[in-house]
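Residue 330 in the numbering used here sits at position 342 of the sequence shown, with consecutive numbering throughout.
Presented below is the structure to which this report refers.
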Amino acid sequence: MPRSVSAPRLARLALTSVAALALVGCSAGGAATGSSSASASGESSASASAAGGSSAASGGIAAGVTVTDMSGAEVTLPEEVDSVIATDNRTFRTLDDWGVELSAAPKQIMYKGEGGPSYLQDDSVADIGNHREPDMELFVTAEPDVVFNGQRFNERKAEIDELTGDAAVVDTDFDVTQTPMDEGLKELTTLLGEATGHEADAEKLIADFDAATQRAKDAYNPEQTVMGLIASGGELSYVAPSTGRAIGPFFDMLGLTPALEQSGTDNHQGDDISVEAIAKSNPDWLIVMDRDAAIGEENATAAELIERSEALQDVTAVKEGNIVYLPADFYVAEDIQNHTTVMEDLAKAFEGAQ
């Protein structure tokens, strides 16, 4: 799928390869860690209109269509598409399910367990690596016609724009501090549907997500308190309500009552908290993400950390089994499908406790 490299692109590669290497150590976080990234405007809608030409799929992309990406920019997709790159974890499953073939992607930040994207095992998809140490040359040598870029790679947008020349670069990023998580997920799904000619499939994903969210809202008893935890580095960390990309937004989406309203950061590992502090707050419910499991770290699982802690055994959530674990791949697949699964799991748990 990578094609021969044109002279102009070779020139760009020669001029930018040194700069790309220099950027390797400048991005914070681990090899598959996330950071809250900002787009130019998280409130923009993802809408599309015909832009003079057929909307028939070309390489899995809706040919000749103009979409409004997550930054609010209008991007016209080419009539012929031979090479597509995607960097945003929230897009891999959707593009994969809809048959979009990629020429390159950051495989190192894909989930490697069962149910991960088929791109991971596809040798024709070149591996960009991860957001900390990416092979930026692939943005030249793959000669992409379309690039879906966001989330962990959002900070490299300017460099990607320069390396890819005339390619249609579609911004898929949204800032959860500017756009509510549920709205951002739906806007992104709509955008992907329009860009690939899968509008009906996108509407179905959104309808399923909305239904699951409403079901969880209806089943939740606001008199019961909730705490979010992340298992990272073999320890449990606290997730403050409304912060970060995982668990924190659920408090706003579902109107959850916090067991502890201590402020926190929005990083991927949560904030330090002692098991004694968890026990003292005595949450009725725990919502837990196992970051270590998602990135293949061989530490104790989140369930083991909770089960082994004597201090937590008298916590209401632990005694009554009111613990909801996010899907194993959630940290590296924060897409609308996984959020729908979480909402369904919460709904079932809340209903079962009534």
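We put the beta carbon where it would ideally sit given N, CA and C, even for glycine.
Worksheet item: Distance, Cα to Cα, Val347 vs Phe127?
Response: The structure shown does not extend to residue 347, since the chain is modelled only from -11 through 342, so no value can be given for it.
Discussion item. On a Cα-Cα basis, can you pick out the residue from Glu308, Ala321 and Gln325 that is closest to Ala342?
Written reply: Going by the sequence as given, residue 342 is Gln instead of Ala. When only C-alpha atoms are compared, the closest one is Glu308.
Item to complete: Quick one: grab the DSSP three-state call for Gly216.
Response: Reduced to three states, the DSSP call for Gly216 is strand.
Worksheet item: Can you tell me the Cα-Cα spacing of Leu217 and Gly153, whole angstroms?
Response: The straight-line gap separating the alpha-carbon atoms of Leu217 and Gly153 is approximately 43 Å.
Discussion item. Cutting at 8 Å between CB atoms, please list the residues of its own chain near Val69, excluding the five before and the five after it.
Written reply: Here the set comprises Ser46, Gly47, Gly48, Ile49, Ala51, Asp133 and Val134.
Fill in: Glu67 to Gln325 span [Cα, whole Å]
Rounded to whole angstroms, Glu67 and Gln325 show a C-alpha spacing of 29 Å.
Worksheet item: Touch check for the region 92 to 105 and the region 114 to 125: three-plus C-beta pairs under 8 Å?
Response: Result yes; three or more Cβ-Cβ pairs closer than 8 Å.
Discussion item. Would Ile261 and Ser225 qualify as a contact pair, given that the criterion is a beta-carbon distance under 8 Å?
Written reply: Taking the C-beta atoms as reference points, Ser225 is found nearer than 8 Å to Ile261.
Worksheet item: Is the region 185 to 200 close to the region 242 to 249, with three or more CB pairs under 8 Å?
Response: When C-beta atoms of the region 185 to 200 are compared with those of the region 242 to 249, fewer than three pairs fall below 8 Å, so the two segments do not count as touching.
Worksheet item: What's the call for Gly101, buried or exposed, on a 16-neighbour Cβ count within 10 Å?
Response: A residue is called buried when at least 16 other Cβ atoms come within 10 angstroms of its Cβ; Gly101 does not meet this threshold and is exposed.
Practice prompt. Out of Ile294, Gly232, Gln96 and Pro229, state which residue places its alpha-carbon closest to the alpha-carbon of Ala219.
Written response: When C-alpha distances from Ala219 are compared across Ile294, Gly232, Gln96 and Pro229, the shortest belongs to Ile294.
Item to complete: Evaluate the contact criterion for the region 195 to 212 versus the region 331 to 338: three or more CB pairs, one atom per stretch, below 8 Å.
Response: Taking a contact to require three or more Cβ pairs closer than 8 Å, the region 195 to 212 and the region 331 to 338 qualify as touching.
Worksheet item: Starting from Asp189 and walking both ways along the alpha helix (DSSP H), at which residues does that stretch end?
Response: Residues Glu187 to Ala207.
Worksheet entry | For Glu62, the three-state DSSP class (helix, strand or coil) | Three-state result, Glu62: strand.
Worksheet item: Taking the alpha-carbon positions, what's the Ile235 to Pro315 distance?
Response: So the two alpha carbons sit approximately 12 Å from each other.
Practice prompt. Output the distance between the C-alpha atoms of Gly103 and Lys268, rounded to the nearest integer angstrom.
Written response: Gly103 and Lys268 have their C-alpha atoms spaced approximately 38 Å apart.
Discussion item. Relative to the C-alpha of Tyr208, which candidate in Met241, Thr54, Thr79 and Ala335 has its C-alpha closest?
Written reply: In this structure, Ala335 is the residue among Met241, Thr54, Thr79 and Ala335 with its C-alpha nearest to the C-alpha of Tyr208.
Worksheet item: Excluding sequence positions up to five away, which residues of its chain have a Cβ less than 8 Å from the Cβ of Thr289?
Response: Closer than 8 Å at the Cβ level, and outside the excluded window around Thr289, lie Ala219, Asp278, Asp280 and Ala281.
Fill in: Chain-order list of residues whose beta-carbon lies under 8 Å from that of Asn287 (same chain, five-residue window excluded)
Take Asn287, set aside five residues on each side of it, and the residues of its chain with a beta-carbon closer than 8 Å to its own are Ala219, Gly221, Gly222 and Asp280, in chain order.
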